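Student: Quick one: this structure, given as structure tokens, is what I'll be asking you about.
2 protein chains.
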Amino acid sequence: MVMELSARSRQILEAIVEDYIATAEPVGSSAVARRHAMTLSSATVRNVMANLEEMGLLTSPHTSAGRIPTEKAYRFYVDSLVALRQVSRDEKRQIVSHCRQAGIGMSGILKETSRTLSQLSNYMGIVVAPSFTADVFRHIEFIRIGHCKILAILVSSKGALQNRLIDTDDDYASEELIRMGNYLNERMQGLTITQVRELILEEMTSEKARYDQLLSRALKISEQAVRVEGDEIFVEGQARILDQPEFSDAGRMKEIYQAFEQKGLLVQLLSRCMTAEGVQIYIGSETSLSQSAGISLITSRFVTSSNTIGMLGVIGPTRMGYSSVIPIVDYTARMVSKLLSEV
Amino acid sequence: MVMELSARSRQILEAIVEDYIATAEPVGSSAVARRHAMTLSSATVRNVMANLEEMGLLTSPHTSAGRIPTEKAYRFYVDSLVALRQVSRDEKRQIVSHCRQAGIGMSGILKETSRTLSQLSNYMGIVVAPSFTADVFRHIEFIRIGHCKILAILVSSKGALQNRLIDTDDDYASEELIRMGNYLNERMQGLTITQVRELILEEMTSEKARYDQLLSRALKISEQAVRVEGDEIFVEGQARILDQPEFSDAGRMKEIYQAFEQKGLLVQLLSRCMTAEGVQIYIGSETSLSQSAGISLITSRFVTSSNTIGMLGVIGPTRMGYSSVIPIVDYTARMVSKLLSEV
DNA sequence: GTTAGCACTCACATCTGACGAGTGCTATTT
DNA sequence: AAATAGCACTCGTCAGATGTGAGTGCTAAC
């Protein structure tokens with residue numbers, strides 16, 4: 053939406069948003085005039101503020117209080133006003149060193165990342181590990197590694213792989229396993245992992261499988277191999293939400309916590325952002341969390357060496373320090389991508 | 053501690069504890085007399101209550117309020133008064149069916165269990181997956197499964213195993229891997245997994261490893277193989293804490309959440325309970341959580357098919373529904389043990 | 001030993017009025 | 001015409017005053 057606002061109005065709006073972000077108190081006309089050393093009197097500011105209110109950018113909680121920004125105002129602020137801070141040397145150091153100290157496993161790195169995000173932003177850090185259920189199936193292989201023990205290796209078209217140790221009831225000969233692999237590799241070409249799984253489940257109940265013992269056993273093992281564990285998701289710093297004065301009352305908070313306990317909800321929320329590159333910002337109702345009143349979300353995606361995509365970001369109040377959090381999220385996403393592609 | 057209390061005093065104490073658990077309000081003498089249909093007047097009850105207060109079992113928040121039980125009273129209640137409820141048919145059904153629907157992986161089962169615990173108790177459910185770092189090392193084996201890809205299988209004396217796929221810089225021949233395995237199996241006999249890891253790290257920096265390239269490479273791979281991921285811990289139902297009126301103020305709650313965010317703290321807390329069998333109960337300061345004011349913990353341990361031990365339980369306010377939660381925790385631990393030993 | 005009665009305490013809710021931050025309007029200045 | 005000073009008005013907040021009632025401890029009677 054294009055806003056035609058005079059330079060002065062924009063400046064005042066910016067001042068109000070930033071003041072409110074800093075203090076969480078409705079800001080009055082004189083505060084703006086004073087704190088921003090403008091050459092304007094409070095009365096003038098008042099007139100401008102009345103305008104802004106009319107345009108839906110400000111509201112007053114009651115007649116004799118200052119004004120607070122609406123979601124629309126935050127949107128406008130983020131889109132055209134905010135002066136992004138640089139990520140400080142120290143913050144960069146923290147991001148990188150925390151990642152490194154986590155050791156190898158991707159889980160470790162991501163977990164540490166969510167903690168870092170939370171620490172640097174003072175809000176809630178969140179990271180969703182890449183999942184490859186949507187990737188296209190490329191190759192599966194079964195390797196016998198002991199009595200009744202099979203290793204299944206599943207490769208996606210993007211090169212991501214998942215391996216799984218399977219205990220079976222019977223012992224399988226290596227040749228049989230190879231035949232099984234060939235069968236699957238032929239049949240499942242071009243499907244996504246999710247589709248492969250569905251197809252296998254379907255065939256397991258089919259007529260043919262009921263009479264073909266070999267097939268039936270093969271399917272049973274394959275099913276285990278393509279079973280994908282639920283999306284890994286790391287949330288850190290939930291307690292920091294309690295620092296925010298707007299959530300200091302118990303009822304509000306409970307809503308929010310309950311919402312977040314459904315991690316599925318978060319995944320859903322974040323996977324929406326997967327498609328776009330760069331930092332994405334969702335303000336208040338834009339998050340489409342039902343209980344979202346007053347919640348904002350800043351995310352960016354990262355990529356792994358195998359080109360799978362994950363999301364990381366920060367959840368905080370609408371009244372969030374956008375100018376510093378946006379660059380942090382951006383930088384962190386870049387660093388995580390870099391780090392994961394090195395592995 | 054042996055308490056000599058008349059039957060009447062015990063009855064009254066029980067009534068007070070249960071009333072307080074139900075209402076979270078200080079209970080007065082008349083409430084006891086009325087609600088428990090005793091043949092006593094409130095005045096008599098008052099005398100008894102005065103006694104109980106003297107013995108350190110009750111306190112009054114202020115002169116003209118009812119009385120509330122002290123930790124000591126809860127302890128006494130749990131030890132000798134509480135009438136444990138039966139686990140209802142429906143609850144049993146829920147526990148079992150939730151476990152089963154979670155599918156195979158242990159993680160899945162345990163996660164679902166923590167959720168069930170939370171649902172049934174209406175407090176916070178918590179499960180710590182068994183870790184085998186304390187187990188004794190028995191056997192390690194490296195299998196080459198592809199170019200620069202090795203599968204390491206680590207077996208503990210209790211039969212628990214961990215497998216890990218390792219990407220290496222160089223390609224290793226199968227014979228070399230076998231030699232490496234033999235070397236380790238010989239040297240590490242009788243040590244715990246933790247000790248094995250320490251020994252390997254130590255040797256990596258030793259003189260010998262610096263000049264013996266083969267050894268150095270072997271150690272590097274072994275180190276990855278015995279690296280154990282942090283204890284898995286599942287916490288569910290954190291939001292339910294907010295239901296408890298005693299935590300409805302923001303400051304209290306923040307403390308608690310911050311305490312729980314250090315999952316390490318929880319692990320430490322729970323691993324203390326590992327040694328004893330059966331249901332363990334920690335009331336208030338007995339939990340030795342510094343911020344524990346008003347927190348109680350009911351846990352029990354469970355065992356897997358490989359004899360490793362995990363913990364599960366419920367965290368709630370001291371003012372917890374012991375009579376129903378204790379049996380639930382007990383039953384759940386039994387069921388999880390049974391389920392995991394079937395796998 | 002039990003109970004009724006009574007004076008006493010104290011948290012809590014409700015009311016009140018003073019205060020002040022902030023507004024909108026209007027008349028005045030630039 | 002835009003900016004400002006002045007002023008009356010609104011309304012939330014805070015502090016003190018007051019009443020209410022639940023609950024107690026004590027004493028005297030049963």
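If you read the sequences in order, they're chains P and G. The numbering of the first sequence is our numbering, which starts it at 53 and goes up by one. The numbering of the second sequence is our numbering, which starts it at 53 and goes up by one. The C-beta atom is built at its ideal place from N, Cα and C for all residues, glycine as well. A quick note: this is a predicted structure, and the numbers were derived from the prediction, not measured.
#1: I need the boundaries of the beta strand (DSSP E) containing Lys-201/G, first residue and last residue.
#2: Do Asn-359/P and Lys-210/P come within 7 Å of each other at the CB atom, strictly closer than that value?
#3: How would you call Ala-270/P, buried or exposed, if buried means at least 16 neighbouring beta carbons within 10 angstroms?
#4: Going along the chain, which residues of the region 65-94 of chain G sit with their C-beta nearer than 9 Å to a C-beta in chain P?
#5: Is the region 195-204 of chain P touching the region 297-317 of chain P, taking contact as three or more C-beta pairs under 8 Å?
#6: Does the CB of Ala-302/P have a neighbour CB from chain G at under 7 Å?
#7: Name the chain G residues whose beta carbon is nearer than 7 Å to that of Gln-310/P?
#8: List the residues of chain P that Leu-217/G touches, going by C-beta distances under 9 Å, in chain order.
#9: How is His-88/P classed by DSSP in three states: helix, strand or coil?
#10: Any idea which residues DSSP pairs Gly-368/G with across the strands?
#11: State whether the region 332-339 of chain G contacts the region 299-309 of chain G, with contact taken as three or more CB pairs (one from each stretch) at a distance under 8 Å.
#12: What separation, rounded to the nearest whole angstrom, lies between the Cα atoms of Gly-368/G and Pro-78/G?
#13: Name the residue from Phe-299/P, Met-387/P, Val-248/P and Leu-364/P whose alpha carbon lies nearest to the alpha carbon of Ala-76/P.
#14: Kindly list, in the order they appear in chain P, the residues whose Cβ is closer than 9 Å to that of Ile-197/G.
#15: My output table needs one value for Ala-72/G: the three-state DSSP class, helix, strand or coil.
#16: Is there a C-beta anywhere in chain G that falls below 7 Å from the one on Lys-306/P?
#17: Could you check if Ala-102/G is buried or exposed, using at least 16 other CB atoms within 10 Å of its CB as the buried criterion?
#18: Looking at the C-beta of Leu-294/P, does it have a partner C-beta in chain G at a distance below 7 Å?
#19: Enumerate in chain order the residues of its own chain whose CB-to-CB distance from Asp-223/P is below 7 Å, with the five nearest sequence positions on each side excluded.
#20: Within 10 angstroms of the Cβ of Leu-253/P, are there 16 or more other Cβ atoms? Answer buried if so, exposed if not.
#21: So what does DSSP say about Asn-234/P, is it helix, strand or coil?
#22: Quick one: residues in its chain with C-beta nearer than 6 Å to the C-beta of Thr-246/P, no 5 flanking neighbours on either side, listed in chain order?
#23: In the structure shown, what three-state DSSP assignment does His-191/P receive?
#24: If we call anything under 7 Å between Cβ atoms a contact, is Met-176/G one with Gly-362/G?
#25: If you measure from the beta carbon of Glu-313/G to each beta carbon in chain P, is any gap under 7 Å?
#26: In this structure, does DSSP put Gln-332/G in helix, strand or coil?
#27: Compute the Euclidean distance between the alpha carbons of Asp-264/P and Arg-152/G, then round it to the nearest angstrom.
#28: Could you work out which residue in Arg-167/G, Met-372/G and Ser-170/G is closest to Glu-123/G when comparing CA atoms only?
#29: Pick helix, strand or coil for Gly-198/P, following the three-state DSSP scheme.
#30: At 4 residues or longer, and completely inside the region 234-320 of chain G: list those alpha helix (DSSP H) runs for me, N to C.
#31: According to DSSP, is Asn-99/G part of a helix, a strand, or is it coil?
#32: Taking buried to mean at least 16 other C-beta atoms within 10 Å of its own C-beta, is Ser-28/P buried or exposed?
#33: What is the rounded straight-line gap between the Cα of Leu-109/G and the Cα of Gly-365/G?
#34: For Ala-291/G, which option in Val-134/G, Gln-171/G, Ala-125/G and Tyr-374/G has the closest C-alpha, if you only look at C-alpha atoms?
#35: Which first and last residues belong to the beta strand (DSSP E) in which Arg-324/P is found?
#36: Taking the DSSP output, what are the residues bridged to Phe-354/G?
Tutor: Based on what the coordinates show:
#1: By 1-based counting over the second sequence, the position of residue 201/G is 149. Here the beta strand (DSSP E) through Lys-201/G covers 201-208.
#2: On the first sequence, residue 210/P is found 158 positions in, with the first residue counted as 1. On the first sequence, residue 359/P is found 307 positions in, with the first residue counted as 1. In this structure, Asn-359/P lies closer than 7 Å to Lys-210/P by Cβ.
#3: Along the first sequence, one-based indexing puts residue 270/P at 218. It is buried - the Cβ of Ala-270/P has at least 16 other Cβ atoms within 10 Å.
#4: none
#5: no
#6: Counting from 1 along the first sequence, the entry for residue 302/P is found at position 250. By this cut-off, Ala-302/P is an interface position.
#7: Numbered from 1 along the first sequence, position 258 holds the residue referred to as residue 310/P. Going along chain G in sequence order, the residues near Gln-310/P (Cβ under 7 Å) are Ala-291.
#8: For the purposes of this step, residue 217/G is identified with residue 165 of the second sequence, where counting begins at 1. Going along chain P in sequence order, the residues near Leu-217/G (Cβ under 9 Å) are Leu-203, Ile-205, Leu-213 and Asn-215.
#9: Translated into the one-based positions of the first sequence, residue 88/P becomes position 36. Coil, per DSSP.
#10: Against the second sequence, residue 368/G aligns to sequence position 316. DSSP, once it has assigned bridges, lists Ser-348/G as partnering Gly-368/G.
#11: no
#12: Counting from one through the second sequence, the residue named residue 368/G turns up at place 316. Counting from one through the second sequence, the residue named residue 78/G turns up at place 26. Spanning the two alpha carbons is a distance of roughly 19 Å.
#13: Here residue 76/P refers to the residue found at position 24 of the first sequence. The option with the nearest alpha carbon to Ala-76/P is Phe-299/P.
#14: Stepping through the second sequence from its first residue, residue 197/G is reached at position 145. Neighbours of Ile-197/G on chain P, chain order: Glu-193, Ile-195, Ile-197, Leu-203, Ile-205 and Asn-215.
#15: In the second sequence, the residue the question calls residue 72/G occupies position 20. Residue identity differs from the one stated: residue 72/G is Tyr in this sequence, not Ala. Helix at Tyr-72/G.
#16: Numbered from its first residue, the first sequence carries residue 306/P at position 254. Interface residue, yes.
#17: Counted from its first residue, the second sequence places residue 102/G at position 50. Looking at its Cβ environment, which holds fewer than 16 other Cβ atoms inside 10 Å, Ala-102/G is exposed.
#18: On the first sequence, residue 294/P is found 242 positions in, with the first residue counted as 1. So yes, Leu-294/P belongs to the interface.
#19: For the purposes of this step, residue 223/P is taken as the residue at position 171 of the first sequence. Setting aside the 5 residues that flank it on each side, Asp-223/P is surrounded in the same chain by His-199 and Cys-200, each with a C-beta closer than 7 Å to its C-beta; the list follows chain order.
#20: Start at 1 with the first residue of the first sequence, and residue 253/P comes out as number 201. Exposed, by the Cβ-count rule.
#21: In the first sequence, residue 234/P corresponds to position 182, counting from 1. It is helical.
#22: Reading the first sequence from its first residue, position 194 is the one you call residue 246/P. Around Thr-246/P: Thr-185.
#23: The residue labelled residue 191/P in the question sits at position 139 within the first sequence. In this structure, His-191/P counts as strand in the three-state DSSP scheme.
#24: Counting from 1 along the second sequence, the entry for residue 176/G is found at position 124. Counting from 1 along the second sequence, the entry for residue 362/G is found at position 310. Cβ distance not < 7 Å, so Met-176/G and Gly-362/G don't count as in contact.
#25: Position 261 of the second sequence holds residue 313/G. Closer than 7 Å to some Cβ of chain P, the Cβ of Glu-313/G qualifies, so yes.
#26: Residue 332/G sits at position 280 when you count from the first residue of the second sequence. Strand.
#27: To locate residue 264/P, count along the first sequence from 1; it is residue 212. To locate residue 152/G, count along the second sequence from 1; it is residue 100. Roughly 28 Å between the two C-alpha positions.
#28: Translated into the one-based positions of the second sequence, residue 123/G becomes position 71. Out of Arg-167/G, Met-372/G and Ser-170/G, Met-372/G has the C-alpha closest to the C-alpha of Glu-123/G.
#29: In the first sequence, residue 198/P corresponds to position 146, counting from 1. Residue state, collapsed to three classes: strand.
#30: 245-256, 259-263, 265-278 and 302-313
#31: Working through the second sequence from its first residue, we reach residue 99/G at position 47. It is helical.
#32: Lying before the first or after the last residue shown, residue 28/P is absent from chain P, which here runs from 53 to 395.
#33: Numbered from 1 along the second sequence, position 57 holds the residue referred to as residue 109/G. Numbered from 1 along the second sequence, position 313 holds the residue referred to as residue 365/G. Rounded to the nearest angstrom, the two C-alpha atoms are 26 Å apart.
#34: As a first step, residue 291/G must be located in the second sequence, where it is residue number 239. Of Val-134/G, Gln-171/G, Ala-125/G and Tyr-374/G, the residue nearest in Cα terms is Gln-171/G.
#35: Translated into positions along the first sequence, residue 324/P becomes position 272. Here Arg-324/P belongs to no beta strand (DSSP E), and DSSP marks it neither H nor E.
#36: Locating residue 354/G in the second sequence gives position 302, counting from the first residue. Answer by DSSP bridge pairing, in chain order: Gly-362/G.
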